[in-house]
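**Student:**
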Amino acid sequence: MQTETIPFLNLEPLHRALEGELMGVFQNALRTGRFIGGPMVEKFEASFADFCTTRHAVAVNSGTDAMRLAIIASGIRRGDVVMTVPNTFIATTEAISQAGAYPEFIDIDEKTYNLDPRGLVAFLEHRCVRNRRTGALIHKASGRPVRGVVPVHLYGQMADMEAILDIAAVYGLIVIEDACQAHGASYYSAKRASYRKAGAVGRAAAFSFYPGKNLGALGDGGAVTTDDDALAAAVRMLRDHGQSRKYYHEMEGYNGRLDAIQAGLLSVKLGYLDHWNDLRRKCAHYYNQLFSGVEHIVTPYEPAWSRGVYHLYVIRARERDRLQNYLSGRGIGTGLHYPVPLHLQKAYAKRNYRPGDFPVCEKIAGELLSLPMFPDLTADAQRIVAGAVADFMAAG
Ligand SMILES: *Cc1c(COP(=O)(O)O)cnc(C)c1O
């Protein structure tokens, strides 16, 4: 097999440039012996909260933990319906289910690939009913209370939060953002006449620091952000066996803490995140320029109100599988995010979904292709990628 000349993701140069600073974190942990909790975790939490413009950031083991603990701490109860999209990483729905709630899917918008607010309203209007006595919103098919919605800011672009927040207010829904791909993304709120940042919009938000994310640890990590003091306190307890202080347990919790070393490494990298996100946006704009005039592909759509951070640069292409093979033959790495919508995964076979249930998501799943995207991607490499895509399309 030919080695990749242009990898899908290459973080090596970025880490090499920071090697001294990163090694310093490890040395500090070795010398102080603080591996769990302590000042490195607290410092990272304070600076990440600052970055997200929230009162709190609570560092945890992974994005999946962040999502699960945020849902539990938000007051969503066992058996409640929580709505989300079928084109996301399965961690979103795992977290909902493992928090004891019940995921229901809403189809996506064909242009942004994020939750379609019209689909959300349609679900709430036609598939749910208000209990006349209690006023609670009930999902007709399952009889379950409908309590939450998890918009996913997919590929680094925020969902249409202005619309989603309005709908949530009308129906009394708790909004938890899946911001695992959107560190630093923002949208312009016409209502507030200001930009609002991912992680600062819902009741709480989940971030992942998986190495490949825009802000990545050198291992697993995650965080919950929120302005809600009680929710933050609950997540702090839940991540540490439900302890309020050592060996005094208010509840059963989890082992969901972030290692001090990872927190220290993340603090170093957080200082560069805005710069890296700017580089990603530049790369995205250059791709857009290179692809203008190339037929049979659709480049990412960024609404005027959105400022995305391009965790991924995802095009839609005719004959996607053949194109992916062709690029691979030319040494260009690509990815599929995601090839099988969640409702059609074996993991949800018991739910009896059928092809056609979420037509927009299903159609796009067969067309999407993630091209190389990372802060150190060069203009030369981008020209080679775009040239290869254009050659393939021209050959028909
Ligand atoms: C990465 C990711 C997660 C899970 O994060 P982990 O840190 O891998 O647990 C959840 N949702 C989305 C959309 C993600 O991309």
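In this note's numbering, the protein residues as written are 43 to 438.
Heads up, the beta-carbon is just placed ideally off N, CA and C, and yes, glycines get one too.
How should M43 be labelled, buried or exposed, when 16 other C-beta atoms within 10 angstroms of its C-beta is the threshold for buried?
**Tutor:** Counting from 1 along the sequence shown, the entry for residue 43 is found at position 1. Because the pLDDT at M43 is just 47, under 50, the model does not fix this residue reliably, and the point stays unresolved.
**Student:** For ligand 1, I want to know if G442 counts as a neighbour, meaning its beta carbon is within less than 6 Å of at least one of the ligand's heavy atoms.
**Tutor:** Nothing can be reported for residue 442, as the shown portion of the chain is limited to 43 through 438.
**Student:** For ligand 2, I want to know if D301 counts as a neighbour, meaning its beta carbon is within less than 6 Å of at least one of the ligand's heavy atoms.
**Tutor:** For ligand 2, the structure offers nothing, since it holds only ligand 1.
**Student:** Report the option in L162, M200, G429, K182 whose CA atom is closest to the CA atom of N330.
**Tutor:** In the sequence shown, the residue the question calls residue 330 occupies position 288. Checking every option, the nearest Cα to that of N330 belongs to G429.
**Student:** Note down the Cα distance separating A242 from S334, rounded to an integer number of angstroms.
**Tutor:** Here residue 242 refers to the residue found at position 200 when the sequence shown is read from its first residue. Here residue 334 refers to the residue found at position 292 when the sequence shown is read from its first residue. Each residue's Cα considered, the two are about 34 Å apart.
**Student:** Check whether the stretch 283-291 and the stretch 55-72 touch, using three or more Cβ-Cβ pairs below 8 Å as the test.
**Tutor:** no
**Student:** Any heavy atom of ligand 1 within a distance shorter than 6 Å of the CB on Y352?
**Tutor:** Counted from its first residue, the sequence shown places residue 352 at position 310. Y352 Cβ: outside cutoff for every heavy atom of ligand 1.
**Student:** Return the Cβ separation of A210 and A248 in integer angstroms, given the expectation that the two are a contact with Cβ distance under 8 Å.
**Tutor:** Mapped onto the sequence shown, residue 210 falls at position 168. Mapped onto the sequence shown, residue 248 falls at position 206. That pair is no contact at about 17 Å.
**Student:** Any heavy atom of ligand 1 closer than 6 Å to the beta-carbon of S133?
**Tutor:** Taking the sequence shown and counting its residues from 1, the one referred to as residue 133 is at position 91. Residue identity check: residue 133 is Ala in the sequence provided, not Ser. Within the cutoff, so yes.
**Student:** How far does the alpha helix (DSSP H) with L321 in it extend, from its first residue to its last?
**Tutor:** Here residue 321 refers to the residue found at position 279 of the sequence shown. Residues 315-333.
**Student:** Is P193 closer than 7 Å to A201 when the C-beta atoms are compared?
**Tutor:** Within the sequence shown, the letter at position 159 stands for residue 201. Within the sequence shown, the letter at position 151 stands for residue 193. Contact: yes.
**Student:** Quick one, are the C-beta atoms of T130 and P145 less than 7 Å apart?
**Tutor:** Along the sequence shown, read from residue 1 onward, the residue named residue 130 stands at position 88. Along the sequence shown, read from residue 1 onward, the residue named residue 145 stands at position 103. Result no, Cβ atoms of T130 and P145 do not sit closer than 7 Å.
**Student:** May I have the straight-line CA-CA distance separating A101 from M279, to the nearest angstrom?
**Tutor:** In the sequence shown, the residue the question calls residue 101 occupies position 59. In the sequence shown, the residue the question calls residue 279 occupies position 237. The straight-line gap from Cα to Cα measures roughly 12 Å.
**Student:** Can you tell me which of the three DSSP states T135 falls into?
**Tutor:** In the sequence shown, counting from the first residue as 1, residue 135 sits at position 93. Helix, per DSSP.
**Student:** Quick check: does the Cβ of T130 come within less than 6 Å of any heavy atom belonging to ligand 1?
**Tutor:** Looking up residue 130 in the sequence shown gives position 88. Yes, the Cβ of T130 comes within 6 Å of a heavy atom of ligand 1.
**Student:** So, using beta-carbon positions, are A359 and I374 closer together than 7 Å?
**Tutor:** Here residue 359 corresponds to residue number 317 of the sequence shown, with the count starting at 1. Here residue 374 corresponds to residue number 332 of the sequence shown, with the count starting at 1. No; because the gap between Cβ atoms is not below 7 Å, this pair is not in contact.
**Student:** So, using beta-carbon positions, are R186 and A141 closer together than 7 Å?
**Tutor:** By 1-based counting over the sequence shown, the position of residue 186 is 144. By 1-based counting over the sequence shown, the position of residue 141 is 99. Cβ atoms of R186 and A141: not closer than 7 Å.
**Student:** Leaving out five residues on either side along the sequence, give the residues of the same chain with a beta carbon under 8 Å from the beta carbon of I406.
**Tutor:** Locating residue 406 in the sequence shown gives position 364, counting from the first residue. Within the same chain, I406 has close Cβ partners N129, I150, E152, Y155, R358.
**Student:** May I ask you to report which of helix, strand or coil DSSP gives Y352?
**Tutor:** In the sequence shown, the residue the question calls residue 352 occupies position 310. Coil, per DSSP.
**Student:** Out of R76, H225, E167, K388, state which residue places its alpha-carbon closest to the alpha-carbon of K239.
**Tutor:** Counted from its first residue, the sequence shown places residue 239 at position 197. It is H225 whose Cα lies nearest to the Cα of K239.
**Student:** Any heavy atom of ligand 1 closer than 6 Å to the Cβ of E222?
**Tutor:** Residue numbering aside, residue 222 sits at position 180 when the sequence shown is read from its first letter. According to the sequence shown, residue 222 is Cys rather than Glu. Correct: C222 has its Cβ closer than 6 Å to ligand 1.
**Student:** Does the distance from the C-beta atom of G263 to that of L300 stay below 7 Å?
**Tutor:** For the purposes of this step, residue 263 is taken as the residue at position 221 of the sequence shown. For the purposes of this step, residue 300 is taken as the residue at position 258 of the sequence shown. Cβ atoms of G263 and L300: closer than 7 Å.
**Student:** Considering only the alpha carbon of each residue, which of E46, I48, H57, L51 lies closest to L260?
**Tutor:** Translated into the one-based positions of the sequence shown, residue 260 becomes position 218. Nearest option by C-alpha distance: H57.
**Student:** Roughly how many angstroms lie between the CA atoms of A99 and T268, to the nearest whole one?
**Tutor:** Along the sequence shown, read from residue 1 onward, the residue named residue 99 stands at position 57. Along the sequence shown, read from residue 1 onward, the residue named residue 268 stands at position 226. So the two alpha carbons sit approximately 7 Å from each other.
**Student:** Give the range of the alpha helix (DSSP H) segment to which E152 is assigned.
**Tutor:** Here residue 152 corresponds to residue number 110 of the sequence shown, with the count starting at 1. It is not in any alpha helix (DSSP H) - E152 carries neither H nor E in the DSSP assignment.
**Student:** Spell out the partners DSSP gives E125 in its beta bridges.
**Tutor:** For the purposes of this step, residue 125 is identified with residue 83 of the sequence shown, where counting begins at 1. In the sequence under discussion, the amino acid at residue 125 is Met, which differs from the Glu named in the question. E146, V191.
**Student:** Kindly confirm or deny that the stretch 353-372 and the stretch 384-392 touch, where touching means at least three C-beta pairs closer than 8 Å.
**Tutor:** Segments in contact, no.
**Student:** Going by C-alpha to C-alpha distance, which of G214, A88, M203 sits closest to A232?
**Tutor:** Residue 232 sits at position 190 when you count from the first residue of the sequence shown. Among G214, A88, M203, the Cα nearest to that of A232 is on M203.
**Student:** Give the secondary structure of L419 by DSSP, where H, G and I count as helix, E and B as strand, and everything else as coil.
**Tutor:** Numbered from its first residue, the sequence shown carries residue 419 at position 377. Coil, per DSSP.
**Student:** DSSP state of V243, grouped into three classes?
**Tutor:** Looking up residue 243 in the sequence shown gives position 201. Looking at V243 - three-state DSSP - the assignment turns out to be coil, as it is neither helix nor strand.
**Student:** How many angstroms separate the CA atom of E167 from the CA atom of H181?
**Tutor:** Translated into positions along the sequence shown, residue 167 becomes position 125. Translated into positions along the sequence shown, residue 181 becomes position 139. Cα to Cα, E167 sits roughly 10 Å from H181.
**Student:** Does ligand 1 have even one heavy atom less than 6 Å from the beta-carbon of V194?
**Tutor:** Locating residue 194 in the sequence shown gives position 152, where the first residue counts as 1. Under cutoff, so the answer is yes.
**Student:** Using 7 Å as the threshold, is the C-beta distance between A38 and R76 below it?
**Tutor:** As shown, the chain starts at 43 and ends at 438. That puts residue 38 outside it, with no answer to give.
**Student:** Using only the alpha-carbon positions, how far apart do L162 and K311 sit?
**Tutor:** Counting from one through the sequence shown, the residue named residue 162 turns up at place 120. Counting from one through the sequence shown, the residue named residue 311 turns up at place 269. Their Cα atoms are separated by approximately 37 Å.
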